[in-house]
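Chains as they are written, first to last, in our numbering: chain A, 11 to 547; chain B, 20 to 135.
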Amino acid sequence: MKRYEVIIVGAGPSGLSAAIEAAQSGLQVVVFDENGRPGGQLFKQIHKFFGSKEHQAKIRGVRIGENLLAQAKELGVKVILNATVLGIYKNKEVSVLIEKEVQNYKADAVIIATGAAENMIPFEGWTLPGVMGAGAAQTMMNIQGVRPGSKILMVGSGNVGLVVSYQLMQAGCKVEAIIDAAPRIGGYGVHASKVARTGVPFYTSYTVLEAKGNATDGSVSSAVIAKVDERFKPIPGTQIELDVDTICIAVGLSPMSQLADNAGCEMTFAPTKGGNVPVLTQDGETSIKGIFCAGDVGGIEEASSAMIQGKIAATAIAQELGYIDHDTFEEKKSIYADSLLKLRAGMFAPGSKGKVIDKTDEGYTISKSILTHGYLAESELSDFPALDTSGGEHIVIECTQNIPCDPCQSACPQGCIIVGDNITLLPKLSKEKKCTGCGLCVGVCSGQAIFLVNDSYADGYGTVGLPYEFLPYPKAGTIGKALDRSGREICDATVVEVRANKVMDKTAMLVMKVPLAQIGSARFFQPIGLESLEGVS
Amino acid sequence: MGIIIRTKHTQPFIPQPDDSMIICRCEEITKGEIRKAVYDGMRTINEVKRYLRAGMGLCQGQTCQRLVLGIIASESQISAGELGHITGRMPVRPATMDYIGKSTEHSEGVERYESK
Numbered sequence: 011m012k013r014y015e016v017i018i019v020g021a022g023p024s025g026l027s028a029a030i031e032a033a034q035s036g037l038q039v040v041v042f043d044e045n046g047r048p049g050g051q052l053f054k055q056i057h058k059f060f061g062s063k064e065h066q067a068k069i070r071g072v073r074i075g076e077n078l079l080a081q082a083k084e085l086g087v088k089v090i091l092n093a094t095v096l097g098i099y100k101n102k103e104v105s106v107l108i109e110k111e112v113q114n115y116k117a118d119a120v121i122i123a124t125g126a127a128e129n130m131i132p133f134e135g136w137t138l139p140g141v142m143g144a145g146a147a148q149t150m151m152n153i154q155g156v157r158p159g160s161k162i163l164m165v166g167s168g169n170v171g172l173v174v175s176y177q178l179m180q181a182g183c184k185v186e187a188i189i190d191a192a193p194r195i196g197g198y199g200v201h202a203s204k205v206a207r208t209g210v211p212f213y214t215s216y217t218v219l220e221a222k223g224n225a226t227d228g229s230v231s232s233a234v235i236a237k238v239d240e241r242f243k244p245i246p247g248t249q250i251e252l253d254v255d256t257i258c259i260a261v262g263l264s265p266m267s268q269l270a271d272n273a274g275c276e277m278t279f280a281p282t283k284g285g286n287v288p289v290l291t292q293d294g295e296t297s298i299k300g301i302f303c304a305g306d307v308g309g310i311e312e313a314s315s316a317m318i319q320g321k322i323a324a325t326a327i328a329q330e331l332g333y334i335d336h337d338t339f340e341e342k343k344s345i346y347a348d349s350l351l352k353l354r355a356g357m358f359a360p361g362s363k364g365k366v367i368d369k370t371d372e373g374y375t376i377s378k379s380i381l382t383h384g385y386l387a388e389s390e391l392s393d394f395p396a397l398d399t400s401g402g403e404h405i406v407i408e409c410t411q412n413i414p415c416d417p418c419q420s421a422c423p424q425g426c427i428i429v430g431d432n433i434t435l436l437p438k439l440s441k442e443k444k445c446t447g448c449g450l451c452v453g454v455c456s457g458q459a460i461f462l463v464n465d466s467y468a469d470g471y472g473t474v475g476l477p478y479e480f481l482p483y484p485k486a487g488t489i490g491k492a493l494d495r496s497g498r499e500i501c502d503a504t505v506v507e508v509r510a511n512k513v514m515d516k517t518a519m520l521v522m523k524v525p526l527a528q529i530g531s532a533r534f535f536q537p538i539g540l541e542s543l544e545g546v547s
Numbered sequence: 020m021g022i023i024i025r026t027k028h029t030q031p032f033i034p035q036p037d038d039s040m041i042i043c044r045c046e047e048i049t050k051g052e053i054r055k056a057v058y059d060g061m062r063t064i065n066e067v068k069r070y071l072r073a074g075m076g077l078c079q080g081q082t083c084q085r086l087v088l089g090i091i092a093s094e095s096q097i098s099a100g101e102l103g104h105i106t107g108r109m110p111v112r113p114a115t116m117d118y119i120g121k122s123t124e125h126s127e128g129v130e131r132y133e134s135k
């Protein structure tokens, strides 16, 4: 039987981070993953991550995955792919199916980092071809390069639903609607806004009743949705039939905790963590000494916190096995715990789940429009701190919810944007510093919530610089329509320039010329005659 | 899990319009069958699993466990947290008997290691 000091199950963000940390401490480590390629879900995350620099904010998930792999390789971490762990036993023996053979390994410590799987909801026709998990749709387009469909209904408005909707549009699909049974949009307002301003309607308090199949191959030809009451029961007479060929389900994730259960770890049913999860200590250790869990398997969060959890588990093991002393452990752990705390703050923190929050930490009233329609009402915006009403070229930051994120602060070479050490606070504009109109912040903001507005471009005209991630980028001089925050056409617009550089990492700033009266409303550019938009990948 | 009380029904089983909807895709178990299982006295997720095979297919309940729990909970008026979870067992992922059979040699190795 082969022996390792640490066996890690799952080569996703958490497992790889744990492996790197363990190897850096000198532990002999092996990672098993049942998939043909490592990285877990990271390689399909083509959007920029949130957080602070230490959390790799503003870097796209796919790059974070590449960095992790490179680091693991450099440290000589052994990652065995197409290796399915079938069971873990109390004495830390692990059965792995590798190439048609079950091999048995033994470890001093095991980290289970198996992640989570998508939830489904049953409705008439949910087993038809064309109904799929949002994550499955994301795998199809971002990994396999296959468009999942052309007209999409997204069920669920959490961050997964919102992010995947945007990526579906980048892949050239039309998102017909995003619905949610809850009365509020579940994900970040900035994610909702970047979808809403392209014209995607949100239906809150709506559920899907039926997927209808076509006569030829039975695949989805339309979806029937209906409004629900406070008890989530459909209200008769509110049905709407949507012409869609694909229904994506983004209604949460369930931890894949079977291995922990199989190993005999104490389990608990925790709805806020996504279901059945092992009981864990602060370090991620289960009720069985030496068996740890890290990432979504112990409770649904997101990739950034999963990576830190992996590091904490590996650090605890390194101490236990004598590779680092107690002081080093405490020091490292306090750094990681602090980093985790920063991510677990704000309106969407795990601890805020299910709570209705109507004020920001600063005391600003949270936009009701953004929570129900996905976009800010212009009247609500004036309440927020990052509105600069001075003339000339200036930025407007439409960041109105407390989310852990601060890349805008370091993006500005002039120091105009202030977030401070508490990264969940809303960005403010410096009164002394002057915007030079470079547009870096527009491209850097992971939430695509910063706009560069110029009210003195030409007689009667101003410009709006907006973050733009649809390929091909329109050329200067392209004529189209300016859309407002709700995606409604409000006026003609002409592209003045499309600015993109390395720092902005494929988020271009599209500058369009609009009548002066519209610079406060125009937030998206729709080229005339362009049927589909191809996205950045 | 607390003590589960099973009371014999005096009312007949009432069919519902969506009873034919498939819930466990791997084993093709319908909502009606699960409702009937609860009516027949099954309560926990593992009881329903053994009674109907719901959750015993390829995905081992990863997709349907939550849905089956929801149906049992609403039929029995017992909260989902009280209904247990599908027991995680080796193999937690599908593997052919052939492959598992080939591991005999290794398993003996495990035992020898243990008896030392």
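Each residue gets a CB set at the ideal place from its N, CA and C atoms; glycine is no exception.
* **Members of the region 132 to 159 of chain A that neighbour chain B once the beta carbon cut-off is set at 7 Å** => P132, E134 and T137
* From the beta carbon of D271/A, is the nearest beta carbon of chain B less than 9 Å away? -> yes
* Is P477/A helix, strand or coil when you go by DSSP? -> strand
* To do: Give the interface partners of R69/B over in chain A, defined as CB-CB distance under 7 Å, in chain order.
  => Result: empty, since nearest Cβ-Cβ is about 17 Å, beyond 7 Å.
* To do: Count the other CB atoms, across all protein chains shown, that sit within 10 Å of the CB of H383/A; report buried if there are 16 or more and exposed otherwise.
  => buried
* Asked: Is it right to say I53/B is buried, meaning 16 or more other beta carbons lie within 10 angstroms of its own, or is it exposed?
  -> buried
* To do: Classify P34/B as buried or exposed, calling it buried when 16 or more other Cβ atoms lie within 10 Å of its own Cβ.
  => exposed
* Asked: Is L79/A helix, strand or coil by DSSP?
  -> helix
* To do: Could you tell me which residues DSSP pairs with S105/A in its beta bridges?
  => G97/A and N114/A
* Quick one: residues in its chain with C-beta nearer than 6 Å to the C-beta of S27/A, no 5 flanking neighbours on either side, listed in chain order? => M317, G320 and K321
* Using a C-beta to C-beta distance shorter than 8 Å, which residues of chain B count as neighbours of Q249/A? -> Neighbours of Q249/A on chain B: none; closest Cβ ~15 Å, over 8 Å.
* Out of I97/B, E94/B, R112/B and I91/B, point me to the one whose CA is closest to N92/A's CA. => R112/B
* To do: Go to V200/A, then tell me how far its alpha helix (DSSP H) extends in each direction, as first and last residue.
  => G199 to A206
* **Cross-chain neighbours of A114/B in chain A, by beta carbon under 8 Å** => T94, L96, L107 and V112
* Show which residues of chain B have a CB atom less than 8 Å away from the CB atom of S264/A. => Q81, Q84 and R85
* Asked: Between the region 60 to 67 of chain A and the region 111 to 126 of chain A, do three or more beta carbon pairs fall short of 8 Å?
  -> no
* Asked: Does the beta-carbon of K50/B have 16 or more other beta-carbons within 10 angstroms, so that it is buried, or is it exposed?
  -> buried
* Asked: Using a C-beta to C-beta distance shorter than 7 Å, which residues of chain B count as neighbours of I285/A?
  -> Position check: residue 285/A holds Gly in this sequence, whereas Ile was assumed. R85, listed in chain order.
* To do: Provide the residue span of the beta strand (DSSP E) that contains F461/A, from first to last.
  => I460 to A468
* From the beta carbon of P244/A, is the nearest beta carbon of chain B less than 9 Å away? -> no
* **Where the beta strand (DSSP E) containing T382/A begins and where it ends** => It is not in any beta strand (DSSP E) - T382/A instead sits in the alpha helix (DSSP H) that spans K378 to T382.
* Asked: In chain order, what residues of the same chain lie with their CB nearer than 6 Å to the CB of E33/A, ignoring the 5 residues before and after it?
  -> Per the sequence presented here, residue 33/A reads as Ala, with Glu not at that position. So the list reads V39, L85 and V87, once near-sequence residues are dropped.
* Is the Cβ of T26/B closer than 9 Å to any Cβ of chain A? -> no
* Rounded separation between G120/B and N114/A - CA only -> 13 Å
* Neighbourhood of G89/B by C-beta distance below 7 Å, restricted to the same chain and skipping five residues each side -> A99
* From the beta carbon of N412/A, is the nearest beta carbon of chain D less than 9 Å away? -> In the structure shown, chain D does not exist; the protein chains are A and B.
* Note down, one range per segment and in chain order, each beta strand (DSSP E) of at least 3 residues found wholly within the region 221 to 254 of chain A. => 230 to 237 and 250 to 252
* To do: Count the C-beta pairs between the region 187 to 199 of chain A and the region 374 to 389 of chain A that are closer than 8 Å, then say yes if the count reaches three, no if not.
  => yes
* Asked: With a Cβ-Cβ cutoff of 9 Å, do S167/A and A260/A count as a contact?
  -> yes
* **Closer than 9 Å to chain B by CB, E44/A** => yes
* Excluding five sequence neighbours on each side, which residues of the same chain lie with their C-beta closer than 8 Å to the C-beta of V106/A? -> F42, I90, A93, T94, V95, L96, V112, Q113, N114 and Y115
* Asked: Just how far apart, CA to CA, sit V505/A and Q528/A?
  -> 15 Å
* Since Q536/A is in the alpha helix (DSSP H), which residue starts that stretch and which ends it? -> Unbroken run through Q536/A is the beta strand (DSSP E), F534 to P537; no alpha helix (DSSP H).
* Asked: Can you list, in chain order, the residues of its chain whose CB lies under 6 Å from that of M150/A, leaving out five sequence neighbours each side?
  -> V156 and P158
* Asked: Pairing CB atoms from the region 353 to 366 of chain A with CB atoms from the region 464 to 478 of chain A, are three or more of them under 8 Å?
  -> no
* Asked: So what's E388/A in DSSP terms, helix, strand or just coil?
  -> helix
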